[in-house]
Structure formats: structure tokens, C-alpha cells
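Residue numbers (our numbering): 475 to 740.
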């Protein structure tokens, strides 16, 4: 990426972070393990999203190498008793909440394995872009475990409870084409183009009015789940706040000026 400053962060460089203009890319950096998620990388993600640099307007998450993420590093589970397992799951919840409720939009660029905890991570993003090599699965049922990173809350809202039930009971794997049709991803691009597409989307999103992006991220999900009348009132309040913002007024004026200029007789 042009004019990008690259820096590895976290224990043993578990994340590869680059800034290009107003877009921050966060690369999961365990390619030899298909970017399996251990405690170190989860904590590094949490630290990254807790300390986003000023001036960042969007974040892109992707996997270094051929896979987004093969999910939980199972070697860590053998060391947990019941109490530790509960705390471990809640730690993942806190980190993924920081992504979902980030102050800026988050886009996930998906290729190869997007399974288990990797799929849960992708679900915490706001937009998902997939390549044809991407495949989606929840093998927890065959491994004698249950999702623990918020997947039982986020994924059914994307694909429905019955489809997630089928995945967990049977081990069913969805292709990228099926994933785009069923709601796993909003975009399906050519092989090798997910990161580029995600960066292009992120650059455009970062140029939006910050208050509008905030409303879309924070208010829209609550409105969608609220009582209709409550949702309509919240919508009116957010619309009023957004329209009264100084930057919004400047953007509206610039748009009207451009529109007027186009219709002026030459």
C-alpha cells in the first residue's frame, strides 16, 4: 500500500498493522497456523481497537497468508477448567465487542478458512468481503465444544438460527458463493482482490461524516431491534443530531452547490 507505515505489534508480532491515510489495516499474523486465534492474538486485537490512532476513519481486518483464520487454537483449551473456560469466553466477548462497537467502521477481507472463532471474528466486523477461496464452517459440534466468541448472538442475525444449527450439528461447510448468497459476506470478489476491495470501501467510508458513521454503527442496530415506535423516535433524534452537525451542513451545502453548477446554462 502506498504511503503506508508498517509496524508489528503484540507478543511476537502477532498482528501486522499498517496505516494508509485514514485507513488502518490489521493483519492476523500466524500464517503457519492458518491464523489460529490464541490468547495472545486476541489480546493484541483488543489492545489495537482500544488505542486506534487519531485520524483513523475505518479499519480493515485480514489474514496474512492464504487464510483469514482457522479459528480457536485448540491447544489452549486443554489447559482450562470450567471457571477458566468461562473467563476465556468472556475475554473474547469483550474484544469482539470492541470491534462491533468500534468508533469507526470495520471491514473484514476474507480468504481461505473462515471457520470457528475466525468466523466469529468476521461476524464482529460491519462489512465482509470474500474471495472465491473463502469457506465458512463451525466445526465445534464435531470437536465437543460450543462457540464462545459471540457467534451464537451475531451469526444467527446474519444467516438465521436454523442454518447455524445445521452447521454446528453436521459440520456443513459453505463456499464463498453460498456465503455471499446467505449473508456471511456482503461482497464476493475475484481471487486475490478481497483486501484491495476492502481498502477501497474503507477509504470511501472514512471520507463520510464521522457522526453519520457513528449513527450507523451505534444507533442502527439498536433501532432495528427496538419496538417500532421506539425505533422511529430514536431515528428522528439521530437524524436531527446528524443534520445539525457543522460538518454535515458544510457537506450538504457543497453538494447543493455542485448540483446547481451542473444545471447552469453554458
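We put the CB at the ideal spot given by N, CA and C, even for glycine. These figures come from a predicted structure and were not determined experimentally.
Notebook entry, point to check: Under a three-way DSSP split, which group does residue 700 fall into?
Noted result: Within the chain shown, residue 700 is the residue found at index 226, counting from 1. Residue state, collapsed to three classes: coil.
Next item on the list: Give the straight-line distance between the Cα atoms of residue 640 and residue 683, rounded to the nearest whole angstrom.
Entry: The residue you call residue 640 lines up with position 166 of the chain shown. The residue you call residue 683 lines up with position 209 of the chain shown. Between residue 640 and residue 683, the C-alpha separation is close to 41 Å.
Check: How about residue 543 and residue 509: do their beta carbons lie closer than 7 Å?
Finding: Sequence index remark: in the chain shown, residue 543 carries index 69 (1-based). Sequence index remark: in the chain shown, residue 509 carries index 35 (1-based). In contact: residue 543 and residue 509 (Cβ atoms closer than 7 Å).
Next item on the list: Alpha carbon to alpha carbon, how far is residue 488 from residue 591? Give it in angstroms, no decimals.
Entry: Taking the first residue of the chain shown as position 1, residue 591 is located at position 117. Taking the first residue of the chain shown as position 1, residue 488 is located at position 14. Roughly 16 Å separates the two Cα atoms.
Notebook entry, point to check: With DSSP run on the structure shown, which of helix, strand or coil describes residue 605?
Noted result: Stepping through the chain shown from its first residue, residue 605 is reached at position 131. Residue 605 falls in the coil class under three-state DSSP.
Check: Looking at C-alpha atoms only, which residue of 539, 600, 579 is the closest neighbour of residue 607?
Finding: The residue you call residue 607 lines up with position 133 of the chain shown. Restricting attention to 539, 600, 579, the CA atom closest to the CA of residue 607 is found in 539.
Next item on the list: Determine the contact status of residue 601 and residue 660, defining contact as a CB-CB distance below 7 Å.
Entry: The count along the chain shown starts at 1 and reaches residue 601 at position 127. The count along the chain shown starts at 1 and reaches residue 660 at position 186. Yes, the pair counts as a contact, with Cβ atoms nearer than the cut-off.
Item checked: Boundaries of the alpha helix (DSSP H) in which residue 676 is found, first to last residue -> Indexing the chain shown from 1 puts residue 676 at position 202. Residue 676 -> alpha helix (DSSP H) spans 668-680.
Note to self: For residue 586, report the span of its beta strand (DSSP E) as first-last.
What the structure shows: Taking the first residue of the chain shown as 1, we reach residue 586 at position 112. Secondary structure note for residue 586: it is in no beta strand (DSSP E), with a DSSP letter that is neither H nor E.
Item checked: Nearest candidate by alpha-carbon position, reference residue 570, set 585, 559, 556, 594 -> Along the chain shown, one-based indexing puts residue 570 at 96. Residue 594 is the option with its Cα nearest to residue 570.
Check: Can you list, in chain order, the residues of its chain whose CB lies under 8 Å from that of residue 708, leaving out five sequence neighbours each side?
Finding: Position 234 of the chain shown, counting from 1, holds the residue named residue 708. Beyond the five residues adjoining it in sequence on each side, residue 708 comes within less than 8 Å, by CB distance, of 693, 696, 697, 700 in the same chain, given in chain order.
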